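Some notes on the structure that comes next.
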Amino acid sequence: MTDFSCVITAGGENGGSEGPDALRASVASVLGQSLRGSEAVVVLAARADGPTRTAARALADSSPDRVRLIHPDPAARTTGALRNAGLDAATGRYVLVLTPGERLHRHACRNLWQAGERSRADLVAGRWSRTTEEGGKEQEPPWQGELYARSRTVTRFADAPQLVVRDALVTGFCLRREAARRHGLRYEEDLAHGEILFGPLAAAAVGRITLVRRLIVTGRAVPDRARDLAALVEAHRRVAATLDAHGLPELREERERAFVRDHLVPLARSFPRLPAARRTRAAATAARVLTAPVPQELPPLERVAATLLARGDAEGVLTAAYALSRPATVCAPVAAGEGGRVEWDEHCPVDVTELGHQHRQFGGARLMNRLTRCTAEEGRLLLEGRLVLPPHLAPDAPFTATLEFRARGGARAVAFPVDDVRHDGNGVTWGARADVSRLLRPVGVRDTAWDARLIVEAGGVRSVSDLFGPQDLVEGTAVRFAARPRLGRLAGDTWEPYITLKDHLALRLTARRRPARTTRRLVRYATHFRPARKAKLLARALRKRLDRYRSRGFKATTYNTWLIRLPVRRGSVVFESHMGRCYGDSPRALHEEIRRQGLKLRATWSYDTSPAGFPDDARLVRRWSWRYLWALARAEFWVDNQGFPQHLRKPARTTYLQTWHGSAYKRMGFDETRVRLQNAPQRERLQQAVHRFDHFLVRSVHDVATLARAYRLPEDRLLRTGYPRNDALIAERTRTETEGRLPRPPLAGALGIDDHKKVVLYAPTFRGGPAAGGKQARRRLLLDVREFAERFGDSYTLLVRAHYLEAARLPLCPPGTVIDVSRHHDVSELLALADVLVTDYSSIMFDFALLDRPVLLYAPDLDTYAAERGSYFDLREKAPGPVTATQEELFAQLAELKKSDIRHASHRAAFAAEFGAYDRGDAARQVVAAVFSRQGASRTTDHHDRGAGR
142 MTDFSCVITA GGENGGSEGP DALRASVASV LGQSLRGSEA VVVLAARADG PTRTAARALA
202 DSSPDRVRLI HPDPAARTTG ALRNAGLDAA TGRYVLVLTP GERLHRHACR NLWQAGERSR
262 ADLVAGRWSR TTEEGGKEQE PPWQGELYAR SRTVTRFADA PQLVVRDALV TGFCLRREAA
322 RRHGLRYEED LAHGEILFGP LAAAAVGRIT LVRRLIVTGR AVPDRARDLA ALVEAHRRVA
382 ATLDAHGLPE LREERERAFV RDHLVPLARS FPRLPAARRT RAAATAARVL TAPVPQELPP
442 LERVAATLLA RGDAEGVLTA AYALSRPATV CAPVAAGEGG RVEWDEHCPV DVTELGHQHR
502 QFGGARLMNR LTRCTAEEGR LLLEGRLVLP PHLAPDAPFT ATLEFRARGG ARAVAFPVDD
562 VRHDGNGVTW GARADVSRLL RPVGVRDTAW DARLIVEAGG VRSVSDLFGP QDLVEGTAVR
622 FAARPRLGRL AGDTWEPYIT LKDHLALRLT ARRRPARTTR RLVRYATHFR PARKAKLLAR
682 ALRKRLDRYR SRGFKATTYN TWLIRLPVRR GSVVFESHMG RCYGDSPRAL HEEIRRQGLK
742 LRATWSYDTS PAGFPDDARL VRRWSWRYLW ALARAEFWVD NQGFPQHLRK PARTTYLQTW
802 HGSAYKRMGF DETRVRLQNA PQRERLQQAV HRFDHFLVRS VHDVATLARA YRLPEDRLLR
862 TGYPRNDALI AERTRTETEG RLPRPPLAGA LGIDDHKKVV LYAPTFRGGP AAGGKQARRR
922 LLLDVREFAE RFGDSYTLLV RAHYLEAARL PLCPPGTVID VSRHHDVSEL LALADVLVTD
982 YSSIMFDFAL LDRPVLLYAP DLDTYAAERG SYFDLREKAP GPVTATQEEL FAQLAELKKS
1042 DIRHASHRAA FAAEFGAYDR GDAARQVVAA VFSRQGASRT TDHHDRGAGR
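Here is the structure:
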């Protein structure tokens, strides 16, 4: 008896990627296993073709001790029957089934065998990947991340519901052979995709199940859903019946939703790539087999696609496919529903209110422009299409249109008039004839592809849209036009329209005649023969060397070795706020105080990506540019609130003022678990960076006991002045107490906030690291801002302020209800404007408490966050306002804001007194006096040209 029997079928009906090459790949992966006690059991169907038979015999002859060739009963024609024959012939302690083309990872059998022997489980499952339709790359289903987050053993399959909710057990698992025979586990021979049912049946029958994190199988083919939809639906129904039989209706409901997402939505997405006949057949099949109601819990566009499939509406599914890939595009003439809701259209009353199409306006909305005809007529390109235009978007003015072809990656564009423009109730139908041969004159190099778009204008407002169509609209048609490149016919001689991978129309310059084809072959040879390849390698090496000189590592080494020796320039100050991402916080307050006092200091501000919004009277340098390093090396003062790059040493005669960016609720510095788990060099690097601070601002005894201790700062480096940024909040509170809340700060008018609405500022804390490449990570907010707008939009305006290292994903809401202010430079201006603050663990609550205005804490994961990150105090005990765990609790507090404000007024006052004791409104003046003012300082401000260092 062997350790592992791997059953591979060949030649069965409704199999996988059949063929000799697929069979060889699967068998080779078994023979390459690090567990030598593994065999391949090849079950060869009687109907297998000649090449497959020859390949199977050759494999068995080449490794007779590890490859067994099984010839089942000729009546066994289906893949399920062949697999059952393989199960009967298997001799290993464990048995695993592969579809031809699937390949085992080198240590797959060893990992499964070890997990099974250690846990005594009857079923051991691991991860698998499939070949994507685009590009043939390997990709794991996204839901596997949660299922196999850790290796574990469960005693019943309901403890790992994703095993049966998703098609997790179609491959990548093994069964103890004795358990399979004891429970009588067999493949359904009448079911094309029997593996979908076999896995859940096995999981329900056996006892212990072990899940391993390792990748087991690669190369699984994506099913042809348009062809096999009926079989997929039947397999799904049988799995659902199994869940019902085990008394698990909630898992059945989950599986219904998962089936729509895993099979019906991908089928709908594939419609633009299918020929019209296949689209019609697939829609007809869907109408016949999809009898269950569409789950209402799905996102709106997925619900639309599933509904239209179930109705057999091929054209409607094609439209839904475009919408799925472009959710911000208006693809259907939305219709008004009950209660102010919005539906997909009159024939598909699916609620799509949350897409926000009802709030879009002509000119600002992206409109779907469906190309309905593309042909040649009298030597010209004839295009016809229809632009979706819901009645609420249509302007009350006549329409004009222009067809434009724009060179891809360039600025050149050629326009053609559109004479036929007709507006009906739900759209604009148009037609154009373009003489591309005469008017479209490319250079012939780097402008061989031209994208088409339609520009519709009404009442002085323009709407620009690409021309979308299915792949078969142009494929197979002889639509070609003579081309006249400026470099001559040798650069290309023919224009061909085609549909791009993104489903829109374009023209490409091709070479169909012998002179142009010969020229292209010569150009290809000249750019690919050996000297040209060597020249490319040399150019690549040169670019890599130049990139090294631009790298931060090289710059840091140069700075620490040479630039730091430069003499300090007296009176020069480098300001930086939040690593150059904004002009705000305490560095801004200090800069403005220096200007107000007229001190002769040369100010330099660093910016990260764009200099927009930074002061005109300061020199601007881009962070990590050579000018930035030069400014740091020669500056007499460094001022920032986050930390200049850790790898840069501070010159000996430079004074570093660290204003910091907020009091601490969560553990910081050397108190963080993450830092404590770092190695000694990493902790030493942090310590050296902190030792650069000459002054560190604190605003309470709490800061001294937490931040100063966490960063190991001595007492003589602490300035107990409060934060300069909070001077504006103290002044705003004084103004409010004497003059009232109105008029509001000028920012309210700039944001378009009505005076009768109160302002809620939602500012959640930072919850992760920056995205790859230094870009901001886009994250979903815990607060459902769309529901906020629906419930409170008439009386409140919600300002959303994401953390400066993150970016918020906001849905489209009614105008004036939700405004993204994440890019506003100074958060203090937003705090002064807000009537209410909603946050979780952000240090912004310490500042806002100084205004004595309501604070609502929305912390659904408070206990988990405090346990993982650590905290300095119990937030529920000391919070300046109510701590809510659910959105309903938060909305209830907001609905009764006056009562909540009265109940928590004393808590808010105590909170401000404890954590803002040193904030008295004169912090900027105190800091300037302590750090920058010196005897004989001039009272004239030194202005500099605005520059942008690179």
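To convert a position in the sequence shown, counted from 1, into my numbering, add 141. Where is the CB? At the ideal position from N, CA and C, for every residue including glycine. Predicted model only: the values in this text are computed from it and were never measured.
Distances from the CA of THR494 to each of ALA846, GLY481 and GLY505 were compared; the closest alpha carbon is that of GLY481. Of the residues assessed, ALA1033 falls on the exposed side of the cut-off, its CB having fewer than 16 other CB atoms within 10 angstroms. Runs of alpha helix (DSSP H) with 4 or more residues, each lying fully within the segment 798 to 871, are found at 814 to 817 and 821 to 831, listed in chain order.
Of LEU392, LEU648, ARG681 and ALA632, the smallest CA-CA separation from ALA657 is found for ALA632. Counted as a single uninterrupted DSSP element, the alpha helix (DSSP H) harbouring LEU228 occupies residues 220 to 230. The residues VAL715, in chain order, have a CB closer than 6 Å to that of LEU773 in the same chain once the five nearest residues on each side in sequence are set aside.
Sorting ILE596, GLY610 and ARG950 by C-alpha distance to the C-alpha of SER604 places ILE596 at the top. In this structure, DSSP gives VAL183 an extended state, which the three-state scheme calls strand.
Between the segment 696 to 706 and the segment 668 to 684, the count of C-beta pairs closer than 8 Å stays below three; the two stretches do not touch.
Just so you know, the alpha carbons of ASP993 and ALA975 end up roughly 11 Å apart. Pairwise C-beta distances place the segment 998 to 1018 out of contact with the segment 925 to 939, as fewer than three of them are shorter than 8 Å.
The beta carbon of PRO1001 sits closer than 7 Å to the beta carbons of LEU923, ALA1026 and THR1027 from its chain, once the five residues preceding and following it are set aside; these are given in chain order. Selection ALA299, ALA451 and GLU931 evaluated against VAL959 yields GLU931 as nearest (Cα-Cα). Residue environment: ILE1043 is assigned as exposed (fewer than 16 neighbouring CB atoms within 10 Å of its CB, all protein chains considered). The closest CA to that of GLN437, considering only THR312, GLU479 and ALA399, is found on ALA399.
If you look at CYS515, you'll find it in the beta strand (DSSP E) that goes 510 to 518. By the Cβ neighbour-count rule, PRO468 is exposed, with fewer than 16 other Cβ atoms within 10 Å of its own. Counted as a single uninterrupted DSSP element, the alpha helix (DSSP H) harbouring PHE695 occupies residues 693 to 702. Annotation: the continuous beta strand (DSSP E) that includes PHE546 extends over 540 to 548. Taking 9 Å as the cut-off, the Cβ atoms of ILE149 and ALA249 do not count as close. If you look at CYS250, you'll find it in the alpha helix (DSSP H) that goes 249 to 260. Here HIS488 is exposed: its Cβ has fewer than 16 other Cβ atoms, across all protein chains shown, within 10 Å. Taking C-beta separations shorter than 6 Å and ignoring five residues to either side along the sequence, the partners of TRP636 in its chain run VAL577, PHE622, ALA624 and LEU648, following chain order.
When DSSP assignments are scanned along the segment 675 to 751, the uninterrupted stretches of alpha helix (DSSP H) that are 4 or more residues long and fall wholly within it turn out to be 693 to 702 and 726 to 738. Residue nearest to GLU395 within the set PRO302, LEU442, ALA417 and SER466 is PRO302 (criterion: CA-CA distance).
A straight-line Cα-Cα distance of about 46 Å links ALA428 and ARG261. The DSSP assignment places complete beta strand (DSSP E) segments of no fewer than 3 residues inside the segment 328 to 382 at 350 to 362, in order along the chain.
Burial of GLY360 is indicated by the presence of at least 16 other C-beta atoms within 10 angstroms of its C-beta. For LYS1019, the uninterrupted alpha helix (DSSP H) run begins and ends at 1016 to 1019, by DSSP. Within the segment 271 to 327, the complete alpha helix (DSSP H) segments at least 4 residues long are 285 to 288, 303 to 306 and 318 to 323, listed from N- to C-terminus.
Relative to the Cα of THR875, the nearest Cα in the group PHE929, GLY893 and ALA973 belongs to ALA973.
If only uninterrupted beta strand (DSSP E) runs of at least 3 residues are considered, those enclosed by the segment 608 to 687 are 635 to 640 and 646 to 651.
Beta-bridge pairing by DSSP links LEU528 to ASN510 and VAL569.
DSSP links ALA476 through a beta bridge to GLU484.
Between SER1047 and PRO1023, the C-beta spacing is not below 9 Å. For HIS1048, the enclosing alpha helix (DSSP H) starts and ends at 1046 to 1056.
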